[in-house]
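In short: position in the sequence shown from 1, add 7, done, that's the working numbering. Take a look at the structure below.
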Amino acid sequence: MAALQTVRNSKLLRVLASAFATMLIVTGCSSGEPEASDAGSTPTSIVIADNEPPQTFDPIQAGNSTVNAVVIPLYDTLIDFDANNELGSRLAESWTVSDDGLNISMTLRSGVKFHDGAEVTSADVQYTLDRVKLLGVGVAGEVVAYDSTTVTDALNFTITLSSPSAPFLSALSRIYILNSALVKANEGSDSGQAWLSSNDAGSGPYTLKSYTTNQEVAFEKFPDYYRGFDGQADSVVIKYIVESATQRDALLNGDVDMAYDVATTDLPSFESNAEFSVAKKDTLVQLYIFFNTQKGETVDPKVREAIRLAYDYQSHVDSILAGNGAIAEGPLPSVMNCHASIAPGKQDLEKAKQLLAEAGKSNLKITMSYLSVIEEMDRAGTLLQSALREIGVELTLQTVTFPEYMEQVSTVETTPDLGMIYAFPSYPDPHSVLAINFDSQYIGGGYNYASYSNPEVDSLVREAATSTDQAARCALYEQAQEIIEGDFVSVNISNPKFVVVTRAGITGDIYRPAHHNTLDIYNIKQTN
């Protein structure tokens, strides 16, 4: 299946990233300074601190939060979720689904323009979806049921699916529509992947002004944006600042206006400072440690259960998150529809020791890969290492980048014993977790980080994906959760809140749960 090549394209991403490292995109000045849009007006700018630059600006990779963060200002989707997780129209003005679930007829808004002035048409939708299917990478894993698009006229088209897919409409929230004529003119031999890695072919509220590799990206307001503007900044700059302490200092010094990687220990000082506000939002995000269920010491379920019981979940929420989150309750985030009634994790060192003894494991040595650049993971890795030491297990911590981790899990043989990673659902539907992370078809070519294979789970989540009865879907997903939990596939650690610190005078619904770890730049408003 083409969509299962999602991660096998990591070598290409590394090539593109290497090319990025020597490239400076310049469509205006490289400093990111705003330019006055109207004679006599004072240009406005908002500067945001983030901790990780994007691999590419190609929206086909928008399943990755770092890519999605820079794609959101540049592109638009047919439909999308709002701050309340309600699915609504964007480029598509209306749509209907056939009784058999195989055809989705849509009508586009008229007069919507791409950044080069061309109008958005049905042909652009057809090209975008066909390209996703052809390449079979990134967001292709979210729309595997896509078959074809039939264009009726400039504003009307029908999407045909190979089989009914209940999550398909939700998944369209990650399919950003491309300017087909512009991409075709720059397709090269890779369907435009190299060109789109550093160029803009969108119709979103902002255009790509400049990118200084690993330092900052600057966006400039697109005056013909179809939804108009009301208080948004003329330009937005994202600065990539790895250290949370440096983000804190940049806020205090006035170098940035917003940051969402400030250390939890620094949040109280901002909360008590009238010059700043701290917003905390519930998310669909969950932090896991996935076991390699097919190779090494963690093949044994008793070893997996023992490691789960060793972790100090309450200390994680109280100390690492400073109360800004909750202990995870099973493999599906608790705020998601169809969540089964599963108790939160709890430490039990004595039972953990007993399980290891029953498994005949002593002086166990295992390795865990994790993204130490992220504060929660960094501190959780140390907490786990200390807890495992108490039950006689030696844990070696291996820091990796996300692309490096994806390369590791691309085969069972190279998947680490343990891998700490967030699962970022691409949309608020159980399919985006229970299928994407636990269906065996995504082993070695997707996000099944545990190399987990259980035919019963596969059958349940695949049946749920084709059902149009929501109650029936939930029943199937709840069964799947119980089985996954009983197989000890992962350590289900936490559901952290999204926390962003902003200077006074910045408002708006800046966070949408369906777009994890990103800011909705269009909804950021300035009041002073």
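C-beta: ideal position from N, C-alpha, C; glycine also. If you're wondering where the values come from, they're calculated on a predicted model, not measured in any experiment.
#### Entry: Residue closest to K140, alpha-carbon to alpha-carbon, out of A130, Y484, D154
Ranking the options by Cα distance to K140, first place goes to D154.
### Query
Which class does F277 belong to by DSSP, given the choice of helix, strand or coil?
Here F277 sits in helix by DSSP.
### Task
Give the straight-line distance between the Cα atoms of A270 and A252, rounded to the nearest whole angstrom.
Note on geometry: alpha-carbon atoms of A270 and A252 lie some 7 angstroms from one another.
### Query
What are the partner residues of I296, as DSSP defines its beta bridges?
M427, V498, per the DSSP bridge assignment.
#### Entry: Cα-Cα separation, M113 to I166
Per the coordinates, the alpha-carbon of M113 lies some 8 angstroms from the alpha-carbon of I166.
### Message
One question on the structure: do P80 and G211 come within less than 8 angstroms of each other, judged by their Cβ atoms?
### Response
Less than 8 angstroms separates the beta-carbon of P80 from that of G211.
### Query
So what does T473 bridge to, in DSSP terms?
Note: T473 sits in no beta bridge, so no partner.
### Query
Among residues of its own chain, excluding the 5 on either side of A333, which ones have a beta-carbon nearer than 6 angstroms to its beta-carbon?
Excluding residues within five positions, the ones whose Cβ falls inside 6 angstroms are N502.
### Message
Considering just the uninterrupted stretch of the beta strand (DSSP E) at S217, what are its terminal residues?
### Response
That run of the beta strand (DSSP E) goes 213-219.
### Task
Quick one: residues in its chain with C-beta nearer than 6 angstroms to the C-beta of T374, no 5 flanking neighbours on either side, listed in chain order?
Closer than 6 angstroms at Cβ, skipping near neighbours: T403, Q405, P423, D424.
### Task
Identify, in the order they occur along the chain, each residue of the same chain with its Cβ nearer than 7 angstroms to the Cβ of D65, setting aside the five sequence neighbours on each side.
Scanning its chain for C-beta atoms nearer than 7 angstroms, with the 5 sequence neighbours on each side dropped, one finds around D65 the residues Q200, L203, S204, in chain order.
### Query
Measuring CB to CB, does A416 end up less than 8 angstroms from F445?
Here the sequence assigns Val to residue 416, which means Ala is not the residue at that position. Contact: no.
### Task
Could you please give the first and the last residue of the uninterrupted alpha helix (DSSP H) stretch that includes M384?
For M384, the enclosing alpha helix (DSSP H) begins and ends at 382-397.
### Task
Helix, strand or coil for V244, going by three-state DSSP, please let me know.
In the three-state scheme derived from DSSP, where H, G and I count as helix and E and B as strand, V244 is classed as strand.
### Task
Could you check which residue in I500, A457, D476, A442 has the C-alpha nearest to that of Q488?
Checking every option, the nearest Cα to that of Q488 belongs to A442.
#### Entry: Which of helix, strand or coil DSSP assigns to R510
The answer is strand: DSSP assigns R510 an E or B state.
### Task
Could you pull out every residue in the same chain whose Cβ sits closer than 8 angstroms to the Cβ of D107, ignoring the five residues on either side in sequence?
P171.
### Query
Which term fits R311, buried or exposed, when burial requires 16 or more other beta carbons within 10 angstroms of its beta carbon?
With 16 or more other Cβ atoms within 10 Å, it is buried.
### Task
Provide the residue span of the alpha helix (DSSP H) that contains S536, from first to last.
Outside the shown range of the chain, which is 8 to 535, sits residue 536, and nothing can be said about it.
### Message
Quick check on A225: does DSSP put it in helix, strand or coil?
### Response
DSSP, read as helix, strand or coil, puts A225 in strand.
#### Entry: Inter-residue spacing [alpha-carbon to alpha-carbon] between A225 and Q301
So the two alpha carbons sit approximately 45 angstroms from each other.
### Task
Identify the continuous beta strand (DSSP E) that holds Q405 and give its terminal residues.
It spans 400-406 - the beta strand (DSSP E) in which Q405 sits, taken as one unbroken run.
### Query
Leaving out five residues before and five after T509 in sequence, what residues of the same chain have Cβ atoms less than 6 angstroms from its Cβ?
If the five residues before and after T509 are omitted, its C-beta is found closer than 6 angstroms to the C-beta atoms of M265, S284, all from its own chain and listed in chain order.
### Query
What does a CB cutoff of less than 8 angstroms around E397 pick up in its chain, not counting 5 residues either side in sequence?
Excluding sequence neighbours, E397 sits near A317, L356.
### Task
Taking T103 as part of the alpha helix (DSSP H), name the residues at either end of that continuous run.
Per DSSP, T103 belongs to no alpha helix (DSSP H); it is in the beta strand (DSSP E), 99-104.
### Query
Expressed to the nearest angstrom, what Euclidean distance is found between the alpha-carbon atoms of Y232 and V468?
Their Cα atoms are separated by approximately 39 angstroms.
### Task
Could you tell me the distance, in whole angstroms, from the CA atom of A430 to the CA atom of Q239?
When rounded, the distance between both Cα atoms is 31 angstroms.
### Query
Got a sec? Which residues, its chain only, sit under 6 angstroms from G426 by beta carbon, not counting five neighbours each side?
Taken in chain order, the residues that qualify are F297, S376, Y456.
### Task
Determine the closest residue to A76 out of L526, N530, L215, Q533, with distance taken between C-alpha atoms.
The shortest C-alpha separation from A76 is found at L526.
### Task
To the nearest angstrom, report how far apart K358 and K504 are at their CA atoms.
Whole-angstrom Cα-Cα distance: 31 angstroms.
### Message
When you compare the segment 285-296 with the segment 473-487, are there three or more beta-carbon pairs, one atom per stretch, that lie closer than 8 angstroms?
### Response
Touching, no.
### Span of the beta strand (DSSP E) around Y377
Segment 371-377, the beta strand (DSSP E) holding Y377.
### Query
In terms of residue numbering, what span does the alpha helix (DSSP H) encompassing Q314 cover?
The amino acid at residue 314 is misidentified as Gln; the sequence shows Ile. 308-317 is the span of the alpha helix (DSSP H), which, as asked, contains I314.
### Query
Which one of D89, M384, S129 has the shortest CA to CA distance from G118?
Answer by Cα proximity: S129.
### Segment limits, alpha helix (DSSP H) that includes D87
That residue, D87, is in no alpha helix (DSSP H); its beta strand (DSSP E) goes 86-88.
### Query
Among residues of its own chain, excluding the 5 on either side of I55, which ones have a beta-carbon nearer than 6 angstroms to its beta-carbon?
The residues are I245, M265.
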